[in-house]
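Worksheet: the structure to be examined is printed underneath.
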């Protein structure tokens, strides 16, 4: 199969090379011809000669000599390569070839001299311009007789050699769109390998306390790129490492890309990792520092390093000199933290492309080259030889911080990061929760040396079996601390809020007419008929022969009935003391005034002689028009109420750049119109804009987003981007604090009539298509999110729900899967959505937690006690422990009880008298431990009352029995408590068995005594084993 050459790309690039040569800037002005000779050397990875070949042809051509003259181009190569190059040599019909010198192809001879071919090329060089100087790449020296004889020919001819590496590099540095897309793909693969493999592996090593050498870890990263799952769908054959990954820790750091990972074990401190992946010959680079339990000073230095990188990105723009950008960063550092200037790396990066490091375009203080739009740089900056004051061991005392990214130069904006791997402290810090760590460090070091590893682990195991707390005990201890802190914090907060009393808003007074002149002069009014003034929304009614105006807002309802020959119109008004609807929260400005409660009018249905119309017509018209005006007024009031409290948002700043992150074919919830409509979501400078196909626009600003949640389509039928807002926004005539954009990933309905068969080809194909669609959509959404996070400089971060921690519950009418995120508890797949911010939660109470019930309820109490509590009903009881574990890890206090409480009453009591509430122990009333045993007995008896009602003639006997049962229960609990305490003190099994036998004998004697005394009574038979605590049932 013939190898194709991209002719269009070749013509574009050779034109650019000749154009820059003709301008004659720098070294280009000194050369009469350009010579590029490539030999065979497996050890050379990066060379300017091979780079220019890849740039022009897309392939490396070994044993090939290229001579670029003023009026002709000559290629000398083997027969196969000449056949390949014929694609660009024959220029007939190619308009793009216009203006380019013709190409001469020479076939290399079998013998090594090739004198005839060399002579032709020397002749062409002599005929090009002055024919005295040749431009070469002085660093490229290929071995072999063929290359040696060619270099000797040039020297023998007395041609002057000029190194043109820098100017050719500058020509190739500006990337075309096709090259940029390859570099973006390379950067994306690097990010994937780092996030999905390297970071996860380091977390495993730290978690399991493994001993792994740097070199071994680096090798495992190299092997990972052979697996397709880490390559984002790329073909593994097109992917290779730019250099072996560099992993450093434990005080030995060299912040360069020429070093190799040493054989020392990884130390759990500052771990620097540099890796770069090459995709289809184009390079990318990424550097991150992972920190295990970093002290505060290390965190501060790292945050400052991020600020320095941010400053550098601002400086890297089209037309800026490299040295100016470097010096601006130094000035920024001197102003902010001058002591760290000496620790900064000597250069801040370099240009990158087909070659990993472009030596002539290094970001340092001397480089005079200007940056151009389309250049791609690898920026890398770090602080070396930093001292950790808290370090005790040698490897802890010194550390380094190193970060780097692949970036693209833009026209006027700051450089764009192509490797969007998060690098804030919370993303790179590994914080271990180990309570015994300090004690171990103090006492354990000497013991480890004396005992050796085996003895130490045996001692540790023995210690664990005796004294280690169970997970439940640890939770209880932590919850006890939280309870104390909770009451203190709540008391302090309520004291601060005291005095900020909410003023109840008085209802807007609706005046019909401000003066008599506005009163209409209509005939109906003079005729003592009911008249409706639509302009002022007023009903003018005759009362005792006087036309009296009533505003439509004062009318509660209106009814009309026909009885015999008369029509009755009854009008009811709002008055103080009447029951008001939920929507009509009327607070009367002057409640002591005299009010009309209702008015009834009567008119005849019979037409009197001489009348033009039936008298009741006026009442019928009045009824109809009052209804219309009332409806219009209520609609307007509802809209105003919706707008009430709406915070005015900033205007959206539209970014006219076409490369804005954009997602198409999305639906919006809630709907803008009655029917759902598709549209596109686009990220701009300070917010998102959703534009529907109909042209409706919804703007959501970044600074108004409280939670941005990305719900992937794993196990769901839709894929969702959900925004929970700080302040409500208006669209579709309603206010909304939750807006989401989604698309369906599968058929939500299934055709049950269709014949289903597991081997049906159509079904298998449909399933495969759905799987591919899911993967495609997930990739598109993830790509959008990464771009948005980069655009907002990670100020807006999308949270992904943890499905593994999810539990079923019914916050509204239906049961759904509630899933925690890093800062909230959400369900965004059902509508209405459910979002609870964890920072706003005071405590969580579990209701109806009983052994015989399959479900329990969760009550979420907020720090703002005026806010209504949130109820989640019907949570399966097997989710109780996982929920407790999750809440405990989030430092949220939880309590549990058997009863359902009246939370409206409880919260009102707290708000009315917060001091009294906290004097009585605050939230401790919810703790079952604080209620004591009496409380438990009461609740048990209540439960028995509910489930069991004995008949009247058995009541006496049952009472006696129950007394006996309760006494035996208390004995049982005493017995179990004593056994528990003895177990804890560490008695052996023989002693415990002997005690159990004694207890059995005693309980046997007790049973015999009680049976002799009560043989006339009805009783339940009890075993001689230690008595159980189960409730008795008849």
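Residue numbers (the numbering used here): 1 to 1034.
All residues carry an ideal CB built from backbone N, CA and C; glycine is no exception.
Keep in mind the model is a prediction, meaning the values are calculated, not measured.
Item	Value
Enumerate, from N- to C-terminal direction, the unbroken alpha helix (DSSP H) stretches of 4 or more residues contained entirely within the segment 60 to 121.	79 to 89
Are there 16 or more other CB atoms within 10 angstroms of the CB of residue 88, so buried, or fewer, so exposed?	buried
Name the residue from 400, 101, 874 and 698 whose alpha carbon lies nearest to the alpha carbon of residue 652.	698
Can you list, in chain order, the residues of its chain whose CB lies under 6 Å from that of residue 809, leaving out five sequence neighbours each side?	818, 872 and 875
For residue 267 and residue 386, I'd like the C-alpha separation in whole angstroms.	16 Å
How about residue 215 and residue 261: are their beta carbons less than 7 Å apart?	yes
Counting beta carbon pairs with one atom in the segment 323 to 337 and one in the segment 390 to 401, are three or more of them shorter than 8 Å?	no
For residue 717, is the classification buried or exposed, using 16 other Cβ atoms within 10 angstroms of its Cβ as the cut-off for buried?	exposed
Can you tell me where the beta strand (DSSP E) with residue 517 in it begins and where it stops?	Here residue 517 belongs to no beta strand (DSSP E), and DSSP marks it neither H nor E.
Please say whether residue 532 and residue 539 have beta carbons closer to each other than 7 Å?	yes
Quick test of your reading: residue 171 and residue 17, contact by CB under 8 Å. State the CB separation rounded to the nearest angstrom.	6 Å
So for residue 274, helix, strand or coil by DSSP?	strand
Could you compute how far the alpha carbon of residue 702 sits from the alpha carbon of residue 685?	9 Å
Assign residue 1041 to buried or exposed, taking buried as 16 or more other Cβ atoms, counted over all protein chains shown, within 10 Å of its Cβ.	No statement about residue 1041 is possible, as the shown extent of the chain runs from 1 to 1034 and does not include it.
Could you tell me whether the segment 617 to 625 touches the segment 559 to 569, using the rule of 3 or more Cβ pairs below 8 Å?	yes
Three Cβ pairs or more, each shorter than 8 Å: is that satisfied between the segment 737 to 745 and the segment 711 to 728?	yes
Quick one: grab the DSSP three-state call for residue 17.	helix
Identify whether residue 169 lies in helix, strand or coil by the three-state DSSP scheme.	helix
List the DSSP bridge partners of residue 190.	None; residue 190 has no bridge partner.
Is the CB-CB distance between residue 247 and residue 218 below 7 Å?	yes
Check residue 716 in the structure and name its three-state DSSP category.	coil
In three-state DSSP terms, what is residue 399?	strand
Quick one: residues in its chain with C-beta nearer than 6 Å to the C-beta of residue 520, no 5 flanking neighbours on either side, listed in chain order?	533
Return the CA-CA distance between residue 571 and residue 513, expressed in angstroms with no decimal places.	20 Å
Can you tell which of 46, 362, 300 and 899 has the C-alpha that lies nearest to the C-alpha of residue 356?	46
Does the distance from the CB of residue 861 to the CB of residue 849 come in under 7 Å?	no
In this structure, does DSSP put residue 876 in helix, strand or coil?	strand
Taking C-beta to C-beta, are residue 926 and residue 845 nearer than 7 Å?	yes
Buried or exposed for residue 847, please, with buried defined as at least 16 other CB atoms from any protein chain shown within 10 angstroms of its CB.	buried
Beta carbon of residue 604, beta carbon of residue 568: below 7 Å?	no
Expressed to the nearest angstrom, what Euclidean distance is found between the alpha-carbon atoms of residue 544 and residue 640?	36 Å
How is residue 674 classed by DSSP in three states: helix, strand or coil?	coil
Which value, in whole angstroms, describes the spacing of the CA atoms of residue 197 and residue 907?	49 Å
Report the rounded CA-to-CA distance for residue 19 versus residue 73, giving the unit in angstroms.	15 Å
Using beta-carbon positions only, say whether residue 174 and residue 372 come within less than 7 Å of one another.	yes
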